[in-house]
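One structure below.
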Amino acid sequence: MEGVVMSLEGTVTESMYMTKGHNQACCRQVAMKLNVLRGVGITFGAIIPLIMYIVYMKQAVSSTSNTKRLHQKETAKNQNTVLMTRLERIEKNINKLSELIESKYQKDPTTRDEVVVTEAKKMVVPKLYPNSYLLTKWGDDLSEEEQREAEALFQRYGYNVFLSDQLPLNRELPDTRDNRCLQKTYPKDLPSIAVVLIYLDEALSVIKRAICSIINRTPEHLLREIILVDDHSSNDLGEKLAAYIKLIHKERPGLIKRVRHKQQMGLTQARISGWEHATADTVAILDAHIEVNVGWAEPLLARIKADRTTVVTPVFDKVGFDDLQVEHYWANAHGFDWPLWCMYESFRPEWNELHDESQPGKSPSVMGIFVAHRLFLGEIGVLDGGMKIYGGENVELGIRVWLCGGSIEVVPCSKIAHIERAHKPYAPDLSYIMRRNALRVAAIWMDDYKSNVNIAWNLPLKDHGIDIGDVSERKKLREKLECKPFKWYLDNVYPTLATWEELVAYGGLQNDLLQSHCIDEGTVPGNIPLLYGCHFYQPQQCYYNTDGEIYVGGIKSHKYNNNRCLVDPGTGNIPTLHDCKLATERGLHKHWDFQQGQAIRNTHTNRCLEIAQGQNSYYMLVIQQCTGQNWRIQHVIREF
1 MEGVVMSLEG TVTESMYMTK GHNQACCRQV AMKLNVLRGV GITFGAIIPL
51 IMYIVYMKQA VSSTSNTKRL HQKETAKNQN TVLMTRLERI EKNINKLSEL
101 IESKYQKDPT TRDEVVVTEA KKMVVPKLYP NSYLLTKWGD DLSEEEQREA
151 EALFQRYGYN VFLSDQLPLN RELPDTRDNR CLQKTYPKDL PSIAVVLIYL
201 DEALSVIKRA ICSIINRTPE HLLREIILVD DHSSNDLGEK LAAYIKLIHK
251 ERPGLIKRVR HKQQMGLTQA RISGWEHATA DTVAILDAHI EVNVGWAEPL
301 LARIKADRTT VVTPVFDKVG FDDLQVEHYW ANAHGFDWPL WCMYESFRPE
351 WNELHDESQP GKSPSVMGIF VAHRLFLGEI GVLDGGMKIY GGENVELGIR
401 VWLCGGSIEV VPCSKIAHIE RAHKPYAPDL SYIMRRNALR VAAIWMDDYK
451 SNVNIAWNLP LKDHGIDIGD VSERKKLREK LECKPFKWYL DNVYPTLATW
501 EELVAYGGLQ NDLLQSHCID EGTVPGNIPL LYGCHFYQPQ QCYYNTDGEI
551 YVGGIKSHKY NNNRCLVDPG TGNIPTLHDC KLATERGLHK HWDFQQGQAI
601 RNTHTNRCLE IAQGQNSYYM LVIQQCTGQN WRIQHVIREF
């Protein structure tokens with residue numbers, strides 16, 4: 001019974017967003033009546049007037065359609081037709097609800113008008129998926145059937161399609177801009193814009209909502225075209241999406257272009273395809289699971305008008321994958337670490353000195369959503385078509401723009417709401433592709449610092465065995481554009497990125513007595529390293545530098561973060577891990593003398609890091625007087 005009421009509410013809500021004037025008011029009245037039904041219970045006395053009101057609405061819509069048919073646009077006719085269909089559906093569901101109540105109380109017909117159906121909120125529906133990311137904080141009022149549908153859609157798309165299908169396409173978003181943005185004015189002769197939406201197996205309602213937001217919140221004289229690039233989706237969007245586009249084209253002929261790849265070509269190539277079909281002055285490369293907010297375009301276009309070599313990006317507000325609510329995100333620069341994963345960074349000090357959070361700030365990179373002058377983007381090589389699937393392409397663009405004559409800015413007065421998927425169904429494990437793409441970027445752009453990417457992925461400096469594709473054309477492009485060296489980028493654009501020049505060796509650290517085991521950082525939080533079977537992932541990655549420090553459990557990519565150093569506590573026989581900076585301040589013994597294949601000896605205590613069997617026969621790490629045990633580290637950068 002609750003499911004019928006929810007269905008009625010969903011149908012009425014959707015109808016309200018498809019109608020105007022008297023018809024919308026009628027829908028609003030029905031919605032109010034349904035709200036009463038849910039709030040105080042459902043009786044025959046409440047259902048009878050509701051059925052009568054539905055009949056009145058159908059007559060009103062029919063009358064409106066007949067008297068104004070000669071003067072209405074085709075879209076209005078279609079809306080009335082759809083509304084009539086929805087009203088008939090509401091009437092059918094109400095009749096079904098009446099039958100359910102009749103069946104429940106037929107044994108005692110004298111009291112059926114007085115008995116109130118139990119409120120939905122008092123009904124306890126068991127959770128079918130207690131460990132579901134989707135249903136942890138959302139969906140308490142779903143029936144078992146609805147839970148199954150919602151979870152299946154979530155696994156397929158990585159966000160809440162069940163809820164998305166019920167939300168209006170033109171839903172309002174909270175305006176999260178700084179108040180100073182509301183006072184800004186922009187030139188009237190801004191460049192035109194082509195918006196490219198990239199998607200692969202995206203939900204139809206999400207794509208339609210993205211399109212709707214772009215049309216409603218972009219000035220008509222600026223929006224030249226919307227280009228949909230389908231990277232060979234497996235789901236059937238064809239006819240339903242085409243029908244939606246047909247409705248739009250009745251008002252805005254030719255506004256939307258569709259491009260479909262015959263095979264999956266990856267994110268980068270999809271973006272290139274969108275750029276190739278664009279004709280506007282500027283091109284915006286967006287994901288399809290977004291909603292642009294009010295006034296999003298003008299601040300971006302104004303920056304490009306002032307300097308065509310500036311690539312700009314809006315601030316992304318987070319849309320929760322479960323409840324689809326918008327969470328305000330503050331403006332930050334876009335950076336990366338040495339594996340080339342994207343991350344947020346603080347703006348440079350000069351931005352903070354402005355004391356105005358509405359001002360654009362320089363950024364080392366972009367995070368996939370950006371707007372650029374179409375011709376300038378072409379001049380610097382658009383995107384690297386040799387990148388595969390997903391990962392690293394944003395960093396590649398950021399480095400190339402800066403090195404080859406442009407700049408990147410984050411524009412706080414431009415806001416876009418972006419769904420953060422819980423998982424990417426098209427690429428469950430991105431690590432291999434990401435590693436391959438990162439090595440390709442390093443080979444083309446990073447000069448002597450390319451080895452840092454190998455170190456970050458714990459790969460040998462030579463003969464890593466990963467095919468990065470042909471890079472000759474991209475290297476020729478770099479020469480043709482006379483791009484700056486990567487050191488200039490580190491010095492002038494991203495000075496907080498650590499260069500790791502002090503490293504001499506890295507990787508798993510193994511004792512000759514038990515080569516199947518490696519030093520491991522152990523439980524985190526915690527500061528006791530241990531000996532564990534070698535798997536060579538981040539917890540077991542160690543680094544030895546020219547100062548004699550041994551980092552355990554990975555290495556930080558940025559100067560403002562501290563690594564964890566191996567320490568001889570001086571008393572007892574258990575080694576510990578400490579923040580390297582704090583270890584220095586506290587005078588802890590963190591310097592070690594080590595050569596490949598020899599002992600690891602602390603230079604302060606003269607004791608050695610060794611292994612010994614504990615009472616349970618398992619081997620453990622110990623600090624003791626040296627007995628001649630030797631260690632080997634996985635990769636050597638240079639002799640030490």
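Per UniProt numbering, the very first residue in the sequence shown carries number 1; after that it's consecutive. Ideal Cβ positions, reconstructed from N, Cα and C, are used throughout, including at glycine.
| query | result |
| --- | --- |
| If you measure between the beta carbons of residue 285 and residue 274, is that distance less than 8 Å? | yes |
| Taking residue 377 as the reference, which of 402, 391, 356, 353 has the closest Cα? | 402 |
| Across which residues does DSSP place residue 620 in a beta bridge pair? | 612 |
| Here's a check: name, in chain order, each residue in its chain whose Cβ is nearer than 8 Å to the Cβ of residue 416, leaving out the five neighbours to either side. | 286, 290, 291, 292, 293, 296, 314, 315, 316, 317, 369 |
| With DSSP as the reference, identify every bridge partner of residue 355, one or two as the case may be. | Answer by DSSP bridge pairing: none, since residue 355 is not bridged. |
| Following the continuous beta strand (DSSP E) through residue 299, name the residue where it begins and the one where it ends. | First-last for residue 299: 297 to 306, but that is the alpha helix (DSSP H), not the beta strand (DSSP E). |
| Taking buried to mean at least 16 other C-beta atoms within 10 Å of its own C-beta, is residue 462 buried or exposed? | exposed |
| Check residue 516 in the structure and name its three-state DSSP category. | coil |
| For residue 117, does the count of other Cβ atoms within 10 angstroms reach 16, so buried, or fall short, so exposed? | With a pLDDT of 45 at residue 117, under the threshold of 50, the modelled position of that residue is not reliable, and no figure is offered here. |
| Take residue 520 and list the residues in its own chain whose beta-carbon comes closer than 6 Å to its own, dropping the five residues that flank it on each side. | 530, 532, 539, 540 |
| Could you give the distance in angstroms between the alpha-carbon of residue 156 and the alpha-carbon of residue 200? | 12 Å |
| Return helix, strand or coil for residue 27, following the three-state DSSP convention. | Bear in mind that a pLDDT of 46 at residue 27, under 50, signals an unreliable position, so the number given afterwards is only what the model happens to contain. Three-state DSSP puts residue 27 in a helix. |
| So, helix, strand or coil for residue 233, using DSSP? | coil |
| Residue 278 and residue 366: beta carbons closer than 8 Å? | no |
| Do residue 270 and residue 231 have their CB atoms nearer than 8 Å? | yes |
| Could you check where the alpha helix (DSSP H) with residue 277 kicks off and where it finishes? | 267 to 277 |
| Are residue 333 and residue 364 closer than 8 Å when you measure CB to CB? | yes |
| Go ahead and label residue 191 buried or exposed: buried means 16 or more other beta carbons lie within 10 angstroms of its beta carbon, across all protein chains shown. | buried |
| Quick check: what's the CA-CA separation for residue 407 versus residue 385? | 21 Å |
| For residue 261, collect the residues of the same chain with a Cβ closer than 6 Å to its Cβ; drop the 5 residues on either side in sequence, then sort them by chain order. | 231, 232 |
| According to DSSP, what are the bridge partners of residue 600? | 594 |
| Report the rounded CA-to-CA distance for residue 454 versus residue 534, giving the unit in angstroms. | 19 Å |
| Our contact map puts residue 579 next to residue 602 with C-beta atoms below 8 Å; I'd like the distance itself, whole angstroms only. | That pair is no contact at about 18 Å. |
| Buried or exposed, going by whether 16 or more other CB atoms sit within 10 Å of the CB of residue 194? | buried |
| Just the C-alpha distance for residue 207 and residue 419, rounded to the nearest angstrom, thanks. | 12 Å |
| Would you kindly work out how many angstroms separate the C-alpha atoms of residue 523 and residue 149, rounded to a whole number? | 39 Å |
| Nearest-angstrom Cα distance between residue 181 and residue 213? | 20 Å |
| Do you know how far the Cα of residue 441 is from the Cα of residue 311? | 19 Å |
| Are the Cβ atoms of residue 497 and residue 558 separated by less than 8 Å? | yes |
| Would you check if the distance between the CB atom of residue 393 and the CB atom of residue 387 is smaller than 8 Å? | yes |
| Return helix, strand or coil for residue 631, following the three-state DSSP convention. | strand |
| Tell me, please, whether the stretch 420 to 435 touches the stretch 445 to 452 by the rule of three or more beta-carbon pairs shorter than 8 Å. | no |
| Within 10 Å of its beta-carbon, does residue 170 have 16 or more other beta-carbons around it, so buried, or fewer, so exposed? | exposed |
| Which word fits residue 576, buried or exposed, when buried means at least 16 other C-beta atoms lie within 10 angstroms of its C-beta? | buried |
| Starting from the Cα of residue 547, find the closest Cα among 526, 560, 502 and give me that residue. | 502 |
| With H, G and I counted as helix, E and B as strand and the rest as coil, what does DSSP make of residue 476? | helix |
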